[in-house]
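Chemist: In the working numbering, the protein residues as written are 1464 to 1881.
Where a beta carbon is used, it is the ideal one built from N, C-alpha and C, also for glycine.
(1) For residue 1779 versus residue 1718, is the C-beta distance shorter than 7 angstroms?
(2) Indicate whether the contact test is met: 3 or more Cβ pairs, each with one atom in the region 1790-1809 and one in the region 1841-1852, closer than 8 angstroms.
(3) Tell me the rounded alpha-carbon separation between residue 1877 and residue 1499.
(4) Within a Cβ cutoff of 8 angstroms, which residues of the same chain sit near residue 1873, ignoring the five residues on either side of it in sequence?
(5) Report yes if the C-beta distance between residue 1567 and residue 1627 is below 7 angstroms; otherwise report no.
(6) What are the complete alpha helix (DSSP H) segments, minimum 4 residues, inside the region 1525-1601?
(7) Could I get the ranges of all uninterrupted alpha helix (DSSP H) runs contained in the region 1693-1771, with 4 residues as the minimum, in chain order?
(8) Whose CA, out of 1759, 1483, 1728 and 1510, lies closest to the CA of residue 1527?
(9) Return the CA-CA distance between residue 1538 and residue 1505, expressed in angstroms with no decimal places.
(10) Is residue 1809 helix, strand or coil when you go by DSSP?
(11) What does the alpha-carbon distance come out to for the pair residue 1552 and residue 1724?
(12) Identify, in the order they occur along the chain, each residue of the same chain with its Cβ nearer than 6 angstroms to the Cβ of residue 1522, setting aside the five sequence neighbours on each side.
(13) Could you check whether the region 1688-1704 touches the region 1725-1744, counting it as contact only if at least three pairs of C-beta atoms, one from each stretch, sit closer than 8 angstroms?
(14) Can you tell me which of the three DSSP states residue 1834 falls into?
(15) State the DSSP-derived secondary structure class of residue 1511, mapped to helix, strand or coil.
(16) Compute the Euclidean distance between the alpha carbons of residue 1610 and residue 1525, then round it to the nearest angstrom.
(17) Okay, do the region 1627-1638 and the region 1564-1583 touch, 3+ Cβ pairs below 8 angstroms being the bar?
(18) Using a Cβ-Cβ cut-off of 8 angstroms (strictly less than) and excluding sequence neighbours within five positions of residue 1657, which residues of its own chain qualify?
(19) In chain order, what residues of the same chain lie with their CB nearer than 7 angstroms to the CB of residue 1822, ignoring the 5 residues before and after it?
(20) Grouping DSSP H, G and I as helix and E and B as strand, with all else coil, what is residue 1671?
(21) Please determine, among 1519, 1870 and 1869, the residue with the shortest C-alpha to C-alpha distance to residue 1804.
(22) Measure the beta-carbon distance from residue 1744 to residue 1708 and round it to whole angstroms, keeping in mind my assumption that it falls under 8 angstroms.
(23) CB residue 1748 to CB residue 1771, shorter than 7 angstroms?
(24) Can the beta-carbon of residue 1563 be found closer than 7 angstroms to that of residue 1487?
(25) What span of residues does the beta strand (DSSP E) with residue 1470 cover, start to end?
(26) For the alpha helix (DSSP H) that residue 1634 lies in, which residues bound it at each end?
(27) Rounded to whole angstroms, what is the Cα-Cα separation between residue 1533 and residue 1547?
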């Protein structure tokens, strides 16, 4: 059995994603597609617009055969660690032969050159130096590669505004380090740019679709056209029941409360905090009415919105530097199943035989609401506990108070799509 792997957020699953799944299967020659998907918080440090089980179901109805969760410990990190977590998880399954991802430039060979150069000793040293100075990851990469930029094939293009290209480079680096037998497949992104905010065709960006839903709290005709029918039906049900949309604003109060009661030492140890930034955030937390106001007070070229959003989420979830040092060493420690179809069930049988990691279909087999409070958890239990806390906190921003109950990870099963 051979499957093609995809790393995604599906926030939500739209026509561009469906096209990508079809391309991945076609280019790889694989009959099966496995997606590693962010859970209830995404890489930009925001809560996902809908819950992870619903988004995974949309993906399976759109052509993916099995959706597994990228642990929160990797999902709310910078591109390097997000990509590494996804690649290591796909590699651990023992059934994935290819990984397919989108890019924003025509010549994929350029990205292979960039990935190779970034692991060169002198470039790596310059990259670490730029990151230590507080530069964003994309800016740090640009600065480190600047002396050989044109030699690599770039002529005027810059990475900072190309999130898919940055991720592609990190996928290639992670493959080289952790999964050398995985074959990378790069496909040019169709029509809509990553941050495009208008819907002008049947393929639109997830950003434009989310903003349309948030403005109207319903699906209009144009938005319908950018979604597969199954996604439209599921989203309409979720909106009608008040199970979405979930936004960062809904978590603003609890996030500010965590910041206002945090000590400087506690905030300084939050995963992505660099020297001195915690003092700026603590001051702003006292003078801001919302997290959005806080971000406006702190944002700069050095501290971008995305980085600050990730820090807010990491502080909310209690993700500390010592935790990520451990997780970055171990990589993902389990295969958490969110949704699958009949073909996905076949894949799971092979994963059980070939994977180096345990499959989690019932969370309580590993932890429960009482065990996760223990001070003596294994690394895998700590990692999975973080996923469950992420769901509990995400639920507090669900519009309908009747759906804000905690403990959903302990009672919900993976979605089987017939």
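Modeler: Well, looking at it:
(1) Looking up residue 1779 in the chain shown gives position 316. Looking up residue 1718 in the chain shown gives position 255. Yes, the pair counts as a contact, with Cβ atoms nearer than the cut-off.
(2) They touch, by the three-pair rule.
(3) Taking the chain shown and counting its residues from 1, the one referred to as residue 1877 is at position 414. Taking the chain shown and counting its residues from 1, the one referred to as residue 1499 is at position 36. Those two C-alpha atoms are separated by around 14 angstroms.
(4) In the chain shown, the residue the question calls residue 1873 occupies position 410. Excluding sequence neighbours, residue 1873 sits near 1826, 1827, 1831, 1832 and 1851.
(5) By 1-based counting over the chain shown, the position of residue 1567 is 104. By 1-based counting over the chain shown, the position of residue 1627 is 164. The answer is yes: Cβ separation under 7 angstroms.
(6) 1535-1538, 1542-1555, 1571-1581 and 1584-1595
(7) 1715-1723, 1727-1731, 1740-1750 and 1754-1761
(8) Residue 1527 sits at position 64 when you count from the first residue of the chain shown. Nearest C-alpha to residue 1527: 1483.
(9) Sequence index remark: in the chain shown, residue 1538 carries index 75 (1-based). Sequence index remark: in the chain shown, residue 1505 carries index 42 (1-based). If I take the Cα positions, the gap works out to 6 angstroms.
(10) Against the chain shown, residue 1809 aligns to sequence position 346. Three-state result, residue 1809: helix.
(11) Counted from its first residue, the chain shown places residue 1552 at position 89. Counted from its first residue, the chain shown places residue 1724 at position 261. Rounded to the nearest angstrom, the two C-alpha atoms are 36 angstroms apart.
(12) Along the chain shown, read from residue 1 onward, the residue named residue 1522 stands at position 59. Counting only Cβ-Cβ distances below 6 angstroms, and skipping sequence neighbours, we find 1473, 1476, 1498 and 1530.
(13) These segments do not touch.
(14) Position 371 of the chain shown, counted from the first residue, corresponds to residue 1834. When DSSP states are grouped into helix, strand and coil, residue 1834 belongs to the helix group.
(15) The residue you call residue 1511 lines up with position 48 of the chain shown. Reduced to three states, the DSSP call for residue 1511 is coil.
(16) Your numbering for residue 1610 matches position 147 in the chain shown. Your numbering for residue 1525 matches position 62 in the chain shown. Approximately 44 angstroms between the Cα atoms of the pair.
(17) yes
(18) Here residue 1657 refers to the residue found at position 194 of the chain shown. Caution is warranted here: a pLDDT of 48 is assigned to residue 1657, below 50, making its placement in the model unreliable, and no coordinate value can be reported.
(19) Reading the chain shown from its first residue, position 359 is the one you call residue 1822. For residue 1822, where only same-chain residues beyond five positions count, the Cβ hits under 7 angstroms are 1798, 1800, 1811, 1814 and 1815.
(20) Residue mapping note: residue 1671 aligns to position 208 of the chain shown, counting from 1. Reduced to three states, the DSSP call for residue 1671 is helix.
(21) Counting from 1 along the chain shown, the entry for residue 1804 is found at position 341. Of the candidates 1519, 1870 and 1869, 1519 places its Cα closest to the Cα of residue 1804.
(22) Sequence index remark: in the chain shown, residue 1744 carries index 281 (1-based). Sequence index remark: in the chain shown, residue 1708 carries index 245 (1-based). Incorrect: roughly 26 angstroms between the Cβ atoms, too far for contact.
(23) Mapped onto the chain shown, residue 1748 falls at position 285. Mapped onto the chain shown, residue 1771 falls at position 308. Against a cut-off of 7 angstroms, the Cβ pair of residue 1771 and residue 1748 comes out as no contact.
(24) Translated into positions along the chain shown, residue 1563 becomes position 100. Translated into positions along the chain shown, residue 1487 becomes position 24. Against a cut-off of 7 angstroms, the Cβ pair of residue 1487 and residue 1563 comes out as a contact.
(25) Position 7 of the chain shown, counting from 1, holds the residue named residue 1470. Counting along the chain, the beta strand (DSSP E) containing residue 1470 begins and ends at 1466-1471.
(26) On the chain shown, position 171 is the one that residue 1634 refers to. From DSSP, the alpha helix (DSSP H) with residue 1634 extends over 1626-1641.
(27) Sequence index remark: in the chain shown, residue 1533 carries index 70 (1-based). Sequence index remark: in the chain shown, residue 1547 carries index 84 (1-based). Cα-Cα distance, rounded: 11 angstroms.
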